[in-house]
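Colleague: If you scroll down you'll find the structure; I have some questions about it.
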Amino acid sequence: MSLWLSGIGISRGVAIGPVHRMHGADIDIPEYRIGADAVDDEIARFTQAAIDARAQLASVREQIPANAPAEIGAFIETHLLMMDDTALIDTVAARIREDRCNAEWALKLQSEDLIDVFDQMDDSYLRTRRDDIVHVTARLQRVLLKQEHPVRAGGDPATDTHAPVIVADELAPADIILLHQQGVAGLVTEHGGPLSHTAILARSLRIPALVGVRAVRRILSDDETVIVDGEAGHLIAGPDDGALAFFRHRQAANARYQRMLAVLRDEPAVSADGVRVTMLANVELPADTDEAAQVGAEGVGLYRTEFLFMNREDSPSEEEQLAAYRQVLGTVAGPITIRTLDAGADKQIGRTTKIATNPALGLRAIRLCLKETGLFRTQLRALLRASAEGPMRIMLPMISTVGEMRQARHLIAEVAAELDAEGLPRDRDLAVGAMIEVPAAALAAPTLAHYCDFFSLGTNDLIQYTLAIDRIDDEINYLYDPLHPAVLNLIRMTIDAGRAAGISVSMCGEMASDKRYTPLLLGLGLTEFSMHPASVLEVKRAVMGADVARLRQRAGEILSLTDAGAYREALDTLGRETLA
Ligand code: PEP
Ligand code: MG
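In case it helps, numbering that gives the first Met the number 0 puts the sequence shown at residues 0 to 579.
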């Protein structure tokens with residue numbers, strides 16, 4: 000009998016494949032005593048597991064595509080080195096001998112001892128090493144318990160019936176990158192939110208995925224076939240032939256739909272009543288730029304540079320960053336909007352400082368860059384140097400005060416003067432803009448506009464901060480509402496302030512990529528949309544079918560409603576009524 004489980008679909012598409020449960024730090028570790036005569040065999044079993052885990056990682060390293068961010072390789076190298084580290088490996092063997100216990104238990108005790116030592120250190124860098132111990136131990140445990148899923152080479156996970164559906168407690172952005180390298184069909188987690196960076200990456204890599212499927216690791220067994228419906232947010236365990244046939248048909252229909260949209264690639268995004276809209280792409284990983292070019296994006300509205308900084312101990316050098324920025328400039332036509340480092344909160348990098356009580360409200364994004372000016376200057380130098388090679392804009396994340404804008408501009412001017420003194424070329428009219436993702440910035444948009452060449456609405460954070468909802472907390476996901484009147488009013492205020500100041504306003508949050516919101520956003524006056532390449536053609540299609548003049552009239556009426564119920568109802572019918 001089949002079993003339907005509900006979650007939140009975070010990345011559309013259908014995946015069908017065998018379950019592979021991935022256990023993290025909370026893995027259940029068996030404990031048992033062994034006889035004196037079994038000690039050598041147990042140590043041999045552990046040594047072999049370490050060799051196997053190492054071989055798996057080495058194989059993952061071999062499969063990293065040439066265009067993958069350098070930090071992926073660095074992350075794997077660190078873990079490979081740790082597997083050779085005597086503090087972890089030899090001492091486990093010694094424990095097996097002394098305590099006469101099984102290898103898993105000895106490994107658990109040894110890693111706990113190491114973690115305790117790291118926990119007592121008040122040093123952010125060392126704390127990230129603690130996480131590495133957790134990851135390496137979990138990998139070794141999975142191999143010992145034979146829970147590691149096989150590393151797959153090549154093949155299209157969407158059609159490869161052996162590609163696994165990974166079922167985990169939760170996954171970090173770095174896990175998603177590694178799993179993608181290994182060829183997974185789908186992802187299902189017990190925790191996590193639709194606006195987390197993990198979710199954004201899953202969408203970006205087009206892996207059908209669900210979050211918030213409670214107790215799913217206990218309910219499912221390894222190797223059983225499941226269907227992941229990333230659109231409806233369902234997981235179907237033990238599907239019968241009818242369900243399998245239905246969802247295979249859906250997979251084929253999705254592929255046909257994508258082919259149908261492909262004909263819009265070279266069509267300009269002009270609404271039915273002649274309003275020209277600009278379709279830009281969001282870029283997370285270098286591979287996204289090829290996809291952005293393939294869907295005919297007119298530029299990049301958001302290049303999230305923090306992925307260059309992840310999974311490594313050091314920060315990327317000026318030259319390394321320059322090469323990465325150049326690559327994007329060379330692949331996508333039109334202006335490339337590069338966002339300066341937005342680390343902190345759920346995007347931890349090696350040097351992000353202490354774990355704050357409220358990380359989303361802490362030292363994040365521009366705040367971190369203005370504190371760690373060495374880090375920021377290196378990035379600014381790379382950006383300014385790249386600006387000589389193609390149309391580019393610099394975008395500053397999480398701006399909440401005019402002071403931050405001024406300080407950042409001051410640093411940019413200093414770096415520009417340095418480059419001039421060194422005779423290095425740069426774009427002398429480089430546009431510098433702010434992300435509007437904190438309510439204070441939207442409310443102060445008319446003033447902020449004096450210091451900005453453009454605005455970009457980061458609705459993921461704008462909604463989080465306006466509604467006081469942590470975007471990665473699944474307990475309160477249900478409150479995350481892009482259509483909340485407060486959010487819509489802040490969006491409108493920002494667009495109006497940008498128009499009054501004569502600067503462009505785009506939207507690069509996930510709201511821009513959802514075709515259900517396209518009519519409303521057009522009605523609020525938005526004419527620049529930036530989203531993952533996978534959504535560009537679908538949203539373009541919605542733009543081409545819209546009557547913008549009518550939408551503007553209706554959106555004004557809707558925003559003036561005061562009753563919340565009436566408000567939502569009117570929004571629901573807006574798209575239907577006003578499509579030309
Ligand atoms: C946003 O907040 O909407 C945004 C685009 O930035 P990020 O999702 O990277 O925080
Ligand atoms: Mg943001």
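Beta carbons: idealized from backbone N, C-alpha and C, even for Gly.
A quick note: this is a predicted structure, and the numbers were derived from the prediction, not measured.
Opposite residue 281 in the DSSP bridges: which residues?
Modeller: 301
Colleague: Does the beta-carbon of residue 509, which I'm using as the reference point, lie nearer than 8 Å to any heavy atom of the ligand MG?
Modeller: no
Colleague: How far does the alpha helix (DSSP H) with residue 527 in it extend, from its first residue to its last?
Modeller: Counted as a single uninterrupted DSSP element, the stretch harbouring residue 527 is not any alpha helix (DSSP H) but the beta strand (DSSP E) occupying residues 527-530.
Colleague: Please report the straight-line C-alpha distance between residue 199 and residue 90, rounded to a whole angstrom.
Modeller: Those two C-alpha atoms are separated by around 40 Å.
Colleague: Less than 8 Å between the CB of residue 207 and some heavy atom of the ligand MG, yes or no?
Modeller: no
Colleague: Assuming residue 190 is part of the beta strand (DSSP E), what are its boundary residues?
Modeller: Counting along the chain, residue 190 falls outside any beta strand (DSSP E), and DSSP gives it neither H nor E.
Colleague: Got a list of residues with beta-carbon closer than 5 Å to any non-hydrogen atom of the ligand MG, in chain order?
Modeller: 436, 457, 460
Colleague: Unbroken beta strand (DSSP E) runs of length 3 or more, entirely within the segment 401-473: which are they?
Modeller: Complete beta strand (DSSP E) runs here, min 3: 430-435, 453-456.
Colleague: So, with DSSP's three-state summary, where would you put residue 368?
Modeller: helix
Colleague: Kindly indicate which residue of 168, 547, 169, 45 has the alpha-carbon position closest to the one of residue 273.
Modeller: 547
Colleague: At which residue ranges does the segment 513-552 contain complete alpha helix (DSSP H) runs of 4 or more residues, listed in the order of the chain?
Modeller: 517-522, 532-543
Colleague: DSSP state of residue 233, grouped into three classes?
Modeller: Looking at residue 233 - three-state DSSP - the assignment turns out to be strand.
Colleague: Using only alpha-carbon positions, find the residue among 209, 171, 117 that is nearest to residue 3.
Modeller: 209
Colleague: Considering just the uninterrupted stretch of the beta strand (DSSP E) at residue 497, what are its terminal residues?
Modeller: Per DSSP, residue 497 belongs to no beta strand (DSSP E); it is in the alpha helix (DSSP H), 484-500.
Colleague: Based on the DSSP output, what are the partners of residue 506 in its beta bridges?
Modeller: 456, 528
Colleague: If you drop the 5 nearest sequence neighbours on each side, which residues of the same chain put their C-beta closer than 8 Å to that of residue 492?
Modeller: The answer, listed in chain order, is 441, 442, 444.
Colleague: How long is the line joining the alpha carbons of residue 399 and residue 312, rounded to whole angstroms?
Modeller: 29 Å
Colleague: Heavy atom of the ligand PEP less than 8 Å from the Cβ of residue 476, yes or no?
Modeller: no
Colleague: Contact between the segment 75-85 and the segment 133-144: three or more CB pairs below 8 Å?
Modeller: yes
Colleague: Flag this pair as yes or no: are the beta carbons of residue 183 and residue 55 separated by less than 9 Å?
Modeller: No, the pair does not count as a contact, with Cβ atoms beyond the cut-off.
Colleague: How would you call residue 469, buried or exposed, if buried means at least 16 neighbouring beta carbons within 10 angstroms?
Modeller: buried
Colleague: Can you give the Cα-Cα distance for residue 238 and residue 224, rounded to whole angstroms?
Modeller: 7 Å
Colleague: Please determine, among 318, 437, 336, 384, the residue with the shortest C-alpha to C-alpha distance to residue 360.
Modeller: Per the Cα distances, 437.
Colleague: Verify whether the separation of the beta carbon atoms of residue 276 and residue 523 is less than 9 Å.
Modeller: Not a contact, by the Cβ cut-off of 9 Å.
Colleague: CB of residue 196 to nearest heavy atom of the ligand PEP: below 8 Å?
Modeller: yes
Colleague: Taking C-beta to C-beta, are residue 281 and residue 300 nearer than 9 Å?
Modeller: Less than 9 Å separates the beta-carbon of residue 281 from that of residue 300.
Colleague: With DSSP as the reference, identify every bridge partner of residue 8, one or two as the case may be.
Modeller: 209
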